[in-house]
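Quick notes on the structure that follows.
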Amino acid sequence: MAEDRILVTGADGFIGSHLTETLVRQGAKVRAFCLYNSFGTRGHLDRLDPEVQAKIEFFTGDIRDSGSARAAVQGCDTVLHLAALIAIPYSYAAPESYVDTNVKGTLNLLSAAKELGVKKFVHTSTSEVYGTAQYVPIDEKHPLNAQSPYAATKVGADQMAIAFQRSFGLAVAVIRPFNTFGPRQSARAVLPTIITQIASGKNEIRLGNLKATRDFCYVKDTVAGFIAVMRSEQAVGEVTNIGSDFEVSIGDAADIIAELMGRKISIRVDEERLRPDASEVERLWAATDKAKALTDWRPQYAGREGFQRGLTETIAWFKDPRNLAGYDPSRYQV
Numbered sequence: 001m002a003e004d005r006i007l008v009t010g011a012d013g014f015i016g017s018h019l020t021e022t023l024v025r026q027g028a029k030v031r032a033f034c035l036y037n038s039f040g041t042r043g044h045l046d047r048l049d050p051e052v053q054a055k056i057e058f059f060t061g062d063i064r065d066s067g068s069a070r071a072a073v074q075g076c077d078t079v080l081h082l083a084a085l086i087a088i089p090y091s092y093a094a095p096e097s098y099v100d101t102n103v104k105g106t107l108n109l110l111s112a113a114k115e116l117g118v119k120k121f122v123h124t125s126t127s128e129v130y131g132t133a134q135y136v137p138i139d140e141k142h143p144l145n146a147q148s149p150y151a152a153t154k155v156g157a158d159q160m161a162i163a164f165q166r167s168f169g170l171a172v173a174v175i176r177p178f179n180t181f182g183p184r185q186s187a188r189a190v191l192p193t194i195i196t197q198i199a200s201g202k203n204e205i206r207l208g209n210l211k212a213t214r215d216f217c218y219v220k221d222t223v224a225g226f227i228a229v230m231r232s233e234q235a236v237g238e239v240t241n242i243g244s245d246f247e248v249s250i251g252d253a254a255d256i257i258a259e260l261m262g263r264k265i266s267i268r269v270d271e272e273r274l275r276p277d278a279s280e281v282e283r284l285w286a287a288t289d290k291a292k293a294l295t296d297w298r299p300q301y302a303g304r305e306g307f308q309r310g311l312t313e314t315i316a317w318f319k320d321p322r323n324l325a326g327y328d329p330s331r332y333q334v
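Mapping of the sequence shown onto full-length UniProt numbering: residues 1 to 334, in sequence order.
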């Protein structure tokens, strides 16, 4: 990796910042594509140790602009594409913005990578493209069933990436992480929502669907999955799931968190937090056999025990007053 320059799009986000930090600590030359804003902030990258930040080449722009995408890709050997709009509730309100970012933005980067001779393009998918599981664990042959505008745009982006590999020979690999969690995650995700409400002293926790199950993958395992897929020649032209080999309901996850935090809680279902019935994905659980066959990746936070270890690390981060201050548990984050 030390010889190649790696572009990470969405580097300023939750998973992107962890991936960028890990790559830099492993000696990679990283260009971090951050969404331009008038405040001059670089998202979670501003939280990294100064010595790590000093080794990052920062690029600010917008993947929706083809010129910006091309300028970011110029001079890079590998593209790890994570930039996307991901909040499902907001995709109900602003679906066009999801098409512009997730589909057109991906097309812009793929076109630039093709034109500029990028060696490897790793495209980020999501378990949401599967919809509610028709069988479990969900392998990569499972039918795609978009149940939200967000999921629909990710299906489109995935297929565009695969089409560039098949049509133009661009070395594309698609990584499909299941529900990643960990430090720095937005409170629009359910686990930080639970943790921040408890950490702020609330005994009654407001949540949405308690029966839905998820495969929660700790961010360190997700990052390791990205690097493994990037390094694997066998992953080119393939879709690869990344998960924890464990399924848990939202209600049970809340109980586990409360126990780890030494608190007794009650849960109130908040109608505002419920998806429309036909849009709710009721069950997700990843089959990871393909990832294990194509790469050297194995989940280090697997099963219930691994989930609890990941939660313990996550809770410790959120309980730090400097970190908790960035969250408002009294407000539903869309």
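Idealized CB from N, CA, C, for every residue including glycine.
With 16 or more other Cβ atoms inside 10 Å of its own Cβ, D12 counts as buried. The C-beta separation of G10 from A83 comes to about 4 Å, placing the pair in contact by the 8 Å criterion. In this structure, the straight-line span from the alpha carbon of Q53 to that of T20 is close to 10 Å. With a cutoff of 8 Å on beta-carbon distance, L35 and D62 are scored as near each other. With 16 or more neighbouring CB atoms inside 10 Å of its own CB, V239 falls in the buried class. Inclusion of R206 and R275 in the CB contact set at 8 Å is not warranted, their separation being larger than that value. According to the DSSP assignment, H81 belongs to the beta strand (DSSP E) that extends over T78 to H81.
With contacts defined as CB atoms closer than 8 Å, V79 and V24 fail to qualify as a contacting pair.
Only residues of its own chain outside the window of five on either side were considered, and among them Y218, V219 and T314 have a CB closer than 6 Å to the CB of G182, listed in chain order.
Looking from the CA of K119, the closest CA among A94, G306, S244 and D4 belongs to D4. In this structure, DSSP gives Y327 a state outside helix and strand, which the three-state scheme calls coil. By the neighbour-count criterion, in which 16 or more other beta carbons inside 10 Å mark a residue as buried, N37 falls on the exposed side. Put simply, the stretch 284-294 does not touch the stretch 187-202. Fewer than three CB pairs are less than 8 Å apart. Distance check between I56 and each of T22, S68, N108 and G67 places T22 closest, using alpha-carbon atoms only. Proximity of the stretch 218-238 to the stretch 173-189 meets the contact definition, three or more beta-carbon pairs being nearer than 8 Å. Look at S249 here: in three-state DSSP terms it is strand.
Here DSSP, grouped into helix, strand and coil, assigns A228 to helix.
Here P299 carries a coil assignment [DSSP, helix/strand/coil]. Taking 4 residues as the shortest admissible run, the stretch 166-223 contains the following complete alpha helix (DSSP H) segments, listed from N- to C-terminal end: 190-199.
The continuous alpha helix (DSSP H) containing N108 extends over residues G105 to L116. The count of Cβ pairs closer than 8 Å, one atom from the stretch 239-250 and one from the stretch 136-145, reaches three, so the stretches are in contact.
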